[in-house]
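Reading through the C-alpha cells given below for one structure.
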Amino acid sequence: MLTDFEDVSPEAVAAWRQTGMAHDAAPVPQRPQERQAWMRFKSQTLTRFTLDLRQAVQAIRGPQVKTARNLFALPILEPQSEAWFAQNLDDFLAAYDWTVPMAMPLMESVPIDASQAWLTRLVQAVARHPGALKKTIFELQARDWNRHQQNAIPDQQLADWMRLLRLNGVKNYGYYPDDFINNQPDISRIRPQFSSWWYPDHD
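Under UniProt numbering, the residue at position 120 of the sequence shown is numbered 120, and the numbers go up by one with no gaps.
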C-alpha cells in the first residue's frame, strides 16, 4: 500500500518527471489532474514490474506458467482509493490470468451481520466489468485477524459465504488460511460448497 508521499525517492521522482507531468513545486503533484496521473503512474509501474517478473519466470519454466495477483476490496468498491493502494481492477484483469479479490469482510471491519451484503456488493462491483467473473477468484477469510486470538471463522459461516458467492454468479473462489493440520476449516463441512451440482443454472 502506497501513500501519496511514500515513494518520493530521487529515483522515483526522476522516473515521474520523465513522464512530462511532474510539478516543479513538489515531488508529489498537487493539482487534481496531476494527482490522477501520479496515481495511475504508480499503479502501472507496479504492474509492469510484475509482468517483468512473469517474463523472467516463463523464460525458465515455459509459457504455460499462469499469473494471479491479490487485489484489495477497497479499490474495487471505491476506485478512487487506487491513490493509496496503487491497484486498479481493470489493469489487473488485462495483465494477469487471474485476479484475486480479497473478499474478507471482517478484515475490512465489516460486522458479521453485514458481511453478506458487503460480499454481494463486492461481487456486483466486479461483475460490472465485462468478463471479469470469468477471470477472478474470490478469496474468503478463514480466520478473523481483528481478534487478539485470531479466531477461526466458523465452518458454517464460511460455507454460507461460499453459497452466497455462487448464488451471485461467482464461479471461482477459495479461502485463506487453510490449517490442514488441525482440519480448520473442517473439510467435511465445506466440501459440498465446492460443487455446483445442486444449482444447475450456474453450472
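Here a beta-carbon is modelled for each residue, glycine too, at the ideal position from N, C-alpha and C.
Computed from a predicted model, the values in this text were never measured in an experiment.
Quick check on the DSSP output: the alpha helix (DSSP H) that includes residue i runs from which residue to which?
i           : result
residue 49  : 32 to 61
residue 95  : 89 to 95
residue 11  : 10 to 17
residue 163 : 155 to 167
Can you say whether residue i is buried or exposed, counting buried as having 16 or more other CB atoms within 10 angstroms of its CB?
i           : result
residue 61  : exposed
residue 210 : Look at the range of the chain in this structure, 1 to 203, and you will see that residue 210 is not part of it.
residue 53  : exposed
residue 86  : buried
residue 16  : buried
residue 51  : exposed
residue 138 : buried
On a CA-only basis, which of the options is nearest residue i? Give me that one, please.
i           : options          : result
residue 128 : 168, 173, 14, 95 : 168
residue 134 : 164, 94, 51, 161 : 94
residue 122 : 185, 66, 73, 166 : 73
residue 11  : 32, 34, 35, 42   : 42
In chain order, what residues of the same chain have a beta carbon less than 6 Å from the beta carbon of residue i, not counting five sequence neighbours either side?
i           : result
residue 118 : 105, 110
Go to residue i, then tell me how far its beta strand (DSSP E) extends in each direction, as first and last residue.
i           : result
residue 103 : 98 to 103
residue 82  : Residue 82 -> not in any beta strand (DSSP E); alpha helix (DSSP H) instead, spanning 82 to 85.
residue 141 : 138 to 141
Excluding five sequence neighbours on each side, which residues of the same chain lie with their C-beta closer than 8 Å to the C-beta of residue i?
i           : result
residue 132 : 89, 93, 99, 126
residue 75  : 81, 82, 85, 87, 88, 89
residue 177 : 142, 143
Determine, using beta carbons only, whether residue i comes closer than 8 Å to chain C.
i          : result
residue 11 : The structure shown contains no chain C; it is built from a single protein chain.
Which residue or residues does DSSP assign as beta-bridge partners of residue i?
i          : result
residue 70 : 100
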